[in-house]
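Remarks on the structure that follows.
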Amino acid sequence: MIKIINDFFHLETQNTAYIFSKSLSGLLLHHYYGKKITICDYQSVMQKLDGGQGTSNLYEGINNAFIDVMDLEISAFGKGDYREAMISLSNENRGYTNNFKYIGYEMVSEKQEDLPMSYGADQTLRIDLFDSSLRIRLELYYKVFERSDVICKYAKVINESQETYIIHRLMSSQLDLKNTHPIMMTFDGAWSTERHLNEKLLTSGITINDSKHGVSSNKHNPLFILRQQQTTEDSGEAYGFNLVYSGNHAGILEVTPNERIRILQGINPATFEWKLKPNDVFCAPEALLTYTHNGLNQLSHQMHDFVNNHIVRGLWKNKKRPVLINNWEATYFNFNEKKLLELAKKASQVGIELFVLDDGWFGKRNNDKTSLGDWFVNSQKLPHGLGYLCDQINQMKMMFGLWVEPEMINEESELYRLHPEYAIRLPDQKPSLGRNQMVLDLTNPNARDNLVQQLSAIFSSCNIEYVKWDFNRNLTDLFGSTLSNQKEFLHRYMMGLYDVLSRLTSRFPHILFESCASGGNRFDLGMLCFMPQIWTSDDTDYNERLAIQTGTSYGYPLSTMGAHVSDIPNHQTLRNTSLSSRFNLASFGVLGYELDLTSLSNDELEQVKSQISFYKEQRKLYQYGRFYRSHPTIFTSNRTTFYCVDSIQNQAIVGFFQSLIHPNQSEDVLFVKGLHDQTLYQLKTKTQKVNIEIFGGLINLILPIRIKLNGKIHRLICKLYQMKGEQDDCLVYGEQLRYGGIRLTQQFMGTGFNDRVRVLGDFGSRLYIIKPFVKKEYKLKKQSK
Ligand code: DGJ
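Each residue of the sequence shown is one higher than the one before, starting from -10 at the first, in the working numbering.
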């Protein structure tokens, strides 16, 4: 709800409030963002500066307007506020001092600007400001999403003068607060190690969380969080920030010596400039702000709800996502129709619903040096065409999906021969290459039209129901042959991409698009406006994924995270982990398989089949349930749990995940929040077999006969026989799960083994199912034991 009381704008969501006001001077003053509270006297939230402020300048000489220390809703450079500015415009005639003053407000209906944006706000407020010497109008938009406790903000400038200006920066949001939440959480990494959580204490100075890659990047995700020192997953205050944008972003945080913090979010000013001609309008992307006093899980829930309900759109919104098989790690470029159909056959036998044909199906693409840009079928590999393959796959009762990397061009391609001007490169310079390829110049409308035309032809050539949209290098050699101001290049590239995506997604609304950028190099809210899911990382190693999925989960729901079970040794780390652990972790995401199913043993195929059928039963809970991380997470411990609770708090599924085991480590106690305190539940281990190979020579302690380690008999036993793992099975009230916990069966400690010992070892894991207790079923089971 948005209340306007005298000069105060009081924005409320279900649990938060955001308050600012206009002042007589025309400055917009910020007063409060945090827990929803009742304000009796608005004077009490006003900053008091009657005692003077050292050598601070007085804004326009107005009494007490010590602009450098005031909490402001928007600030520019040149009038005495020396902190990082939200906006900066200049031209030769007017200089570069900006002075925007409040002129009015209006409650407006939500607009879809020329950028991907959230939708479904409860109310939208527009605040108008004007710089009368520049004759530039500034509009600030506030969108209130009451149920997800999110406020989105963005800014727009309109040139009402007869002169041209340069915009040096237009940030989407400025927030001035007291620095009481000084721990900054960022989600950083590189290829294969995306979105690892890092925390730092913010003290005096400027901290920037940004990207200069041309995309939101795997180095620093646009998501960041500020929390109190004592905040945990389940308690304490935190603010969450994100940006609906896929290009270079920046979160600029300045802590001043008087313990205030300014938080700016928006397009990275370091790589941006824009020419604003008379009558031109420039709109900044939308910034997301959210707050909770109930811990980081709650903060994530707010962002998850927001993404599922106000970012993801189209036919796949809130729809169960299919279990897929992807042929990339099964075949790489080395496949033909026969191999694909063999793989598809096995996939359909184990219950897979979508077959994805990855890189290598087009042009002369037999390696990564050629053919990007030539989006027509490689008839040597697929002599009967895509249509035939697709029909065969549909006949196996699976959907057919296709990989593309549309934004790229290889020098060795038909497209480059015909249109070298479509590639991004500087005249007379050798371009830097990434994976042997250049990027298509999407600032050029002809290149965009060509792309839409080629892709439309291929997407309508047969029953394609899924598209994986890849992007495998960052931008360099920034130059657009059709541009007049080259510093606009990176933002115009992004606008070009969004144009292509909106044309294709509206022409093919039934296609489920999955965004990918060498895995997670473009995991952001901008892409999620077009593509409901994203390939989280190329790294499918259990241990590494545990960190990647944990980090990603802070801002993005499981329905958006592609998670595949792949082969061992893992292709990124060469690590061996069990099939059950690989599945248990991948099940906390949109499940897929990415390995050669035709080379699995019958026993392994049976395991895969039962994993898929289990996942399908629990799919809604996994993809759309309330997801929780337990404390501590894998970033500070060798063990952690994830769990999902359904919307009526009736059941839960828990994953217990271990990285390296420590000898004689502390006992494992399982806590699950979010269920009904007074309901009686039954908690059970999902039955899991234990490979006796794990015991090595210790096998002789449990066998009646003595066998030779690694000898024929040992190898045969290991191959043919798997032990039934331990079973935790108990009745428990919701309140015990929340406060008391369940003390799980002891892990193997090197001092004894029986069927009440949990054998996990390195990279071991378990799933637990929690359902309301049904007396009859329980009794029968206990009797039959
Ligand atoms: C990078 C992606 O992340 C992989 O999954 C795969 O599609 C390759 N590209 C194909 O080139």
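Don't be surprised by glycine CBs; every beta carbon is placed ideally from N, CA and C.
query, result
"Quick check: what's the CA-CA separation for residue 526 versus residue 341?", "21 Å"
"For residue 145, which of 173, 41, 85, 78 has the nearest alpha-carbon?", "78"
"Give the single residue among 23, 521, 4, 565 whose Cα lies nearest to the Cα of residue 217.", "23"
"What first and last residue would you give for the alpha helix (DSSP H) that runs through residue 286?", "284 to 295"
"If you measure from each CB to the nearest heavy atom of ligand 1 and keep those under 6 Å, what residues do you get, in chain order?", "317, 347, 348, 392, 459, 461, 505, 507, 508, 524, 527"
"How many angstroms separate the CA atom of residue 409 from the CA atom of residue 417?", "13 Å"
"Mark residue 782 as exposed unless 16 or more other C-beta atoms lie within 10 angstroms of its C-beta, in which case mark it buried.", "It is not possible to answer for residue 782, since the shown part of the chain is limited to -10 through 774."
"Let me check understanding here. Comparing Cα to Cα, which of 422, 228, 132, 675 lies closest to residue 543?", "228"
"Between residue 663 and residue 724, what straight-line distance do the alpha-carbon atoms span, to the nearest angstrom?", "10 Å"
"Restricting to runs no shorter than 4 residues, where is the alpha helix (DSSP H) found entirely within the segment 1 to 44?", "none"
"Tell me the rounded alpha-carbon separation between residue 49 and residue 12.", "13 Å"
"Going by the CB atoms, is the gap between residue 348 and residue 324 shorter than 8 Å?", "no"
"For residue 523, collect the residues of the same chain with a Cβ closer than 6 Å to its Cβ; drop the 5 residues on either side in sequence, then sort them by chain order.", "504, 512, 549"
"Look at the alpha carbon of residue 728 and the alpha carbon of residue 660, and state the distance between them as a whole number of angstroms.", "7 Å"
"Quick one: residues in its chain with C-beta nearer than 8 Å to the C-beta of residue 605, no 5 flanking neighbours on either side, listed in chain order?", "312, 340"
"Spatial neighbours of residue 21 within its chain, please: C-beta separation below 6 Å, excluding the five flanking residues on both sides.", "8, 34"
"Looking only at its chain, what residues have a beta carbon closer than 7 Å to the beta carbon of residue 579, apart from the 5 residues adjacent to it on each side?", "310, 522, 548, 550, 551, 552, 612"
"According to DSSP, is residue 668 part of a helix, a strand, or is it coil?", "coil"
"Give a yes or no on contact between the segment 481 to 501 and the segment 375 to 383, applying the rule of three or more CB pairs nearer than 8 Å.", "no"
"Are residue 59 and residue 18 closer than 8 Å when you measure CB to CB?", "yes"
"From residue 386 to residue 314, what does the alpha carbon distance come to, in whole angstroms?", "13 Å"
"So what does DSSP say about residue 515, is it helix, strand or coil?", "helix"
"If you draw a straight line from the C-alpha of residue 482 to the C-alpha of residue 127, how long is it?", "24 Å"
"Quick check: what's the CA-CA separation for residue 609 versus residue 148?", "49 Å"
"Are the Cβ atoms of residue 254 and residue 161 separated by less than 8 Å?", "yes"
"When the distance is taken between beta carbons, is residue 99 closer than 8 Å to residue 113?", "yes"
"Who are the Cβ neighbours of residue 745 in its own chain at under 8 Å, not counting the five residues just before and after it?", "715, 734, 735"
"Roughly how many whole angstroms lie between the Cα atoms of residue 431 and residue 45?", "47 Å"
"Give me the residue from 451, 439, 288 with the minimum Cα distance to residue 4.", "288"
"Just the C-alpha distance for residue 496 and residue 502, rounded to the nearest angstrom, thanks.", "13 Å"
"Hey, residue 261 and residue 480: beta-carbon distance below 8 Å or not?", "yes"
"Just to confirm, are residue 204 and residue 506 a CB contact at a threshold of 8 Å?", "yes"
"Do residue 57 and residue 69 come within 8 Å of each other at the CB atom, strictly closer than that value?", "yes"
"In chain order, what residues of the same chain have a beta carbon less than 8 Å from the beta carbon of residue 110, not counting five sequence neighbours either side?", "99, 132, 133, 134, 141, 299"
"How many Å lie between residue 224 and residue 619 at the Cα?", "12 Å"
"Quick check: what's the CA-CA separation for residue 391 versus residue 338?", "21 Å"
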